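Below you'll find the structure, written out as C-alpha cells, and then a few comments.
Protein chains in written order, with this note's numbering: chain A, 1 to 534; chain B, 535 to 839.
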C-alpha cells in the first residue's frame, strides 16, 4: 500500500480522535471555566429520566368531550338563529355527538334546512324524519369540522399544558403530540411528581353560577324531590380536619354566567388573620363588563364559584362590583393556592385529560443506576481487556486500544447528537464492549490461519483483513438492522439502548477494523516488524 | 494462547440428531412452563396496571405491607421482595392489577396508606410506573411484531447474502433462540417487559452473527472443495470457526455476567435474557441453522434424482 495513502489514513484517525475528545469534554467536565466554554461545543450527553430521575407521562385528551361541548355551543346558536328567523323549533337537544331538532310544523322544514345550509356550514343534516307531520332533524359536524375540532382540542391542550409547566418551573421539559389523541410530557428531575400531575391533569374549567333560590332547595339536594327545571346539584370542597370527608351540596342554576376565559391574571394573596391564602383574579375588559352586569342584577343572591364542577365558595353579592376584580377563597394552603393561580392563568383545558402511562423515577434510584451501570461497565470492560491481552499478546494490545477508542467515539457521538443516555443505553455500551472484540477476533483468527499456512507477516495481515471483512460487515449489518427495528418499536429507555447499540456498531467497525489496520500498515511500512504476534 | 487447537475435528454433524432432540426438549420444557403458569408473566408494560418500587429504611415484614394494602380494595396485589440494600434497608415491588377507575389515584392511596402505617419518612418511592389498558395493548402488539419482523428480516438478509437454504436455516435458528429464552424466563418467573423485548431483539441480532460467520465459511469451503460432501464441509467449517465462536461468545458473556451481577436489579431480567439467549444463540448457529442447510440440501438432491 502506498505511503501517501497511509498518511491520509493516519491523519483521519488522529483528526477524528481529537474531535471526539473535544466533543467529550463538556460531558465529562460539567463546570468548565467560561473562557473554555466559548471554544468548546455546547453539546453534551443528556441523562434519561431513568438515570436523573423525573416523570414521563402520556396524557390522553378526551377529544370526544371537546366535540360534545362544541356541539353544545352550536345548539344555543341554532336555537337563537331559528328564533330570529322565525322558524318554529319545538325542541332541540344534544344526544351524544348529534343535535336533535324537532320543528313545530312541516312548513318550517325548508326555512330550517336553508338556515342550516347558510348559517351553519360546519353542521350537516344526517337524517330527517317526520312524525305526526312534525319534522325532526339530526345534525352532526361535518367530517372536516370534526377533524378540525380534534386537532384544535389537541393543539390547545398542548399549549395549555406547556404554559402550566413553564409557570411551574421545570428545566428542559419535553411536551409534544404523540399520535392522534395523546400528549407526551417529560419532566426531568422534579421533586414532587404528584403535584405536577395534579397541576397538568386538572381541567381548570372555572364557572360562575348563581345559587338557586327555590324555597325547599334542601329537599332537592337530598334527592327526596325532583330537581327544579334548569338547576343542578354541585358539591363543595371536602372539609378537611373532620376525619371523614363530608362535602356540602349546593343547588345551583345550570346556566353558566361567566367562565375562566375572561381572566387576564390570577395571583396568590397570602393568608391574613381572618382567612387563609386566596387567589385574586383580574378580569379582562369583557369579563369586567360581564361581572359588573351580573353583580348589579343579582345583589343579595349567592354566587357560586365553580372549578371543575366543585363549588369553592358561594359568597353573597353585597353590591355591584366594578373594576374587574374577583377572588377565589377556599380551604387551601399556599401551595395549592399557587397551583390554582397557575392553572387559572394558563387557561382551561378544552377537554378533560387522563393519564394513559406514567413512569416516575426518584432521584436516588437514578443515582444508584448510574453507579451500578458504571461499575458493570468498568468490570466488564476490564475483564475483556485483560482477556484479549493474554490471548493475543501484541494483537491483543491493538484490539484493546481499538476498544478504548471505540468507547471514546461512541460517547462522543452520543454527545454530538445530544442523545439521551438511559440505563438500558448504558447496558448497550457495556454490551458493545463485549461484542466489539468480535471483529478483532475474526481478523486475528484469520491471520493465525494464514501464518499457519506459512505466509509472511505482511501477506498474513493483508489476507487476514481481506478475508475477515465480509463476515465482519455482514454480522454488524444484521445487528444494526435489529437495532433499527428496536428503535422503531421502543420508547424512552429502550430507544436509548437501540441508539447506543447502533452507534456502537458503526464505531466498532471503524476502530476495530480501520484503526487497527492503520497501525499494522504503519509498522509494516516502516519495517518495524517482520513477524506478527497474535 | 489458544483455547481451541488448530486442526480440531469434532464431528458436529454426527451429533446433530441428539442436538435436535435436546432443542425440542428445551423448547417443550419452556412451553410447558408457559402452560403451567397460564401464559406469559406479563409485566405492567404489557398487562397494564401500577408498579411501585419502594425502599424502606428498616425492613418491615412483608405481611405488614400486605395488611396495609388489602383494605384499599385493589384486588390481586402482589408484593415482591426486591432485595436489601445498605444499613438494613429493604426494597419491595408492589404491583396493583389494572383497574381503570382507580388508575390515576392508586399510587396516591398506596403512599398515604404506607405513610399512616410506617411513618412519613420511613420509606422512599424509587419508581412508579403506571400503564393504562390502551397503552399496554399497543405495546404488546408492537413487541410481538418487532420480534417477528426482525426474525424474518434477518432470514431475508441471509437469503440475499447467501441463498434460500441459509436464510431458512437462520430464521429457524432465531425462532429457536427466542422460544428457548422466553421459556427460560418463564421458568424462573421473570416478568416480560420492554427491556426483555429489547434483549430478545439483541439476541436475534447476535445469534445471526454466528450464523453469518459459519455460513460464510461454509460457502468459502464449498468453492475451495467442490467435490467434498456438504456434511464434511459443514463439519470442517464449524471446526475452523470454533475458536472465534468460543472467544466472541466468551467475551460477550463476560460483560453480560458483569451486567447481571453488578448492573443492579432494575436490569436483572434484561441481563438474564441476554445470558440465556447468547448461549443458546451460539449453540443454535452450530446445531440448528447448519444442519437445516444440510437437510434442505439433501431434500433437493433427492428430488433431483
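Yeah, the Cβ is synthetic: ideal placement off N, Cα and C, and Gly gets one too.
Treat the numbers as computed from the prediction; the structure is a model and nothing was measured.
Backbone CA spacing between residue i and residue j [nearest angstrom]
i, j, result
"residue 247(A)", "residue 269(A)", "25 Å"
"residue 105(A)", "residue 90(A)", "9 Å"
"residue 555(B)", "residue 576(B)", "29 Å"
"residue 410(A)", "residue 23(A)", "11 Å"
"residue 86(A)", "residue 71(A)", "22 Å"
"residue 803(B)", "residue 687(B)", "26 Å"
"residue 545(B)", "residue 744(B)", "18 Å"
"residue 521(A)", "residue 823(B)", "37 Å"
"residue 408(A)", "residue 393(A)", "23 Å"
"residue 767(B)", "residue 756(B)", "7 Å"
"residue 730(B)", "residue 236(A)", "48 Å"
"residue 819(B)", "residue 666(B)", "40 Å"
"residue 746(B)", "residue 670(B)", "35 Å"
"residue 565(B)", "residue 786(B)", "27 Å"
"residue 674(B)", "residue 35(A)", "51 Å"
"residue 542(A)", "residue 780(B)", "The structure shown does not extend to residue 542(A), since chain A is modelled only from 1 to 534, so the question has no answer here."
"residue 108(A)", "residue 98(A)", "20 Å"
"residue 17(A)", "residue 752(B)", "38 Å"
"residue 664(B)", "residue 539(B)", "54 Å"
"residue 6(A)", "residue 507(A)", "20 Å"
"residue 700(B)", "residue 616(B)", "44 Å"
"residue 519(A)", "residue 401(A)", "11 Å"
"residue 403(A)", "residue 599(B)", "48 Å"
Proximal residues of chain B, C-beta to C-beta of residue i below 8 Å
i, result
"residue 105(A)", "Correct list: empty, because the minimum Cβ distance to chain B is about 47 Å."
"residue 401(A)", "The contacting residues do not exist; residue 401(A) stays about 16 Å from chain B at best."
"residue 485(A)", "680, 683, 684, 687 and 735"
C-beta neighbour in chain B for residue i, strict 8 Å
i, result
"residue 475(A)", "yes"
"residue 447(A)", "no"
"residue 497(A)", "yes"
"residue 368(A)", "yes"
"residue 242(A)", "Caution is warranted here: a pLDDT of 47 is assigned to residue 242(A), below 50, making its placement in the model unreliable, and the coordinate value is therefore given only provisionally. Not an interface residue."
"residue 532(A)", "no"
"residue 186(A)", "no"
"residue 247(A)", "no"
"residue 356(A)", "yes"
"residue 391(A)", "yes"
"residue 387(A)", "yes"
"residue 64(A)", "no"
"residue 516(A)", "no"
"residue 434(A)", "yes"
Residue i at chain A interface by Cβ criterion, 8 Å
i, result
"residue 750(B)", "yes"
"residue 820(B)", "no"
"residue 823(B)", "no"
"residue 755(B)", "no"
"residue 732(B)", "yes"
"residue 539(B)", "no"
"residue 663(B)", "yes"
Listed by chain order, chain A residues near residue i by CB distance under 7 Å
i, result
"residue 837(B)", "Within 7 Å Cβ-Cβ: nothing; residue 837(B) doesn't reach chain A, min ~30 Å."
"residue 658(B)", "362 and 364"
"residue 713(B)", "Near residue 713(B) there are no residues of chain A at all, since even the closest Cβ is about 17 Å away, more than 7 Å."
Assumed close pair residue i, residue j - CB separation to whole angstroms, cut-off 8 Å
i, j, result
"residue 547(B)", "residue 707(B)", "That belief does not hold up - the Cβ atoms of residue 547(B) and residue 707(B) are roughly 16 Å apart, past 8 Å."
is_contact[residue i, chain E] using C-beta, thresh 8 Å
i, result
"residue 490(A)", "Looking at the structure shown, chain E is missing, and the protein chains on hand are A and B."
Residue of the options minimising C-alpha distance to residue i
i, options, result
"residue 264(A)", "300(A), 230(A) and 324(A)", "324(A)"
"residue 381(A)", "754(B), 791(B) and 771(B)", "791(B)"
"residue 388(A)", "373(A), 376(A), 417(A) and 434(A)", "434(A)"
"residue 551(B)", "738(B), 740(B), 829(B) and 732(B)", "829(B)"
"residue 334(A)", "100(A), 271(A) and 143(A)", "271(A)"
"residue 709(B)", "783(B), 600(B) and 742(B)", "742(B)"
"residue 462(A)", "446(A), 473(A), 474(A) and 472(A)", "446(A)"
"residue 286(A)", "232(A), 259(A) and 420(A)", "259(A)"
"residue 541(B)", "775(B), 716(B) and 639(B)", "775(B)"
"residue 591(B)", "739(B), 656(B), 807(B) and 615(B)", "656(B)"
"residue 514(A)", "465(A), 431(A) and 492(A)", "465(A)"
"residue 672(B)", "580(B), 558(B), 690(B) and 760(B)", "580(B)"
Where residue i meets chain A, residues with beta-carbon distance less than 9 Å
i, result
"residue 675(B)", "Ordered by position in chain A, no residue passes the 9 Å Cβ test against residue 675(B), which lies about 10 Å from the chain."
"residue 772(B)", "Correct list: empty, because the minimum Cβ distance to chain A is about 14 Å."
"residue 691(B)", "474, 477, 478 and 481"
Chain-ordered neighbours of residue i on chain B, where CB pairs are closer than 7 Å
i, result
"residue 372(A)", "796, 797 and 798"
"residue 471(A)", "746, 747 and 750"
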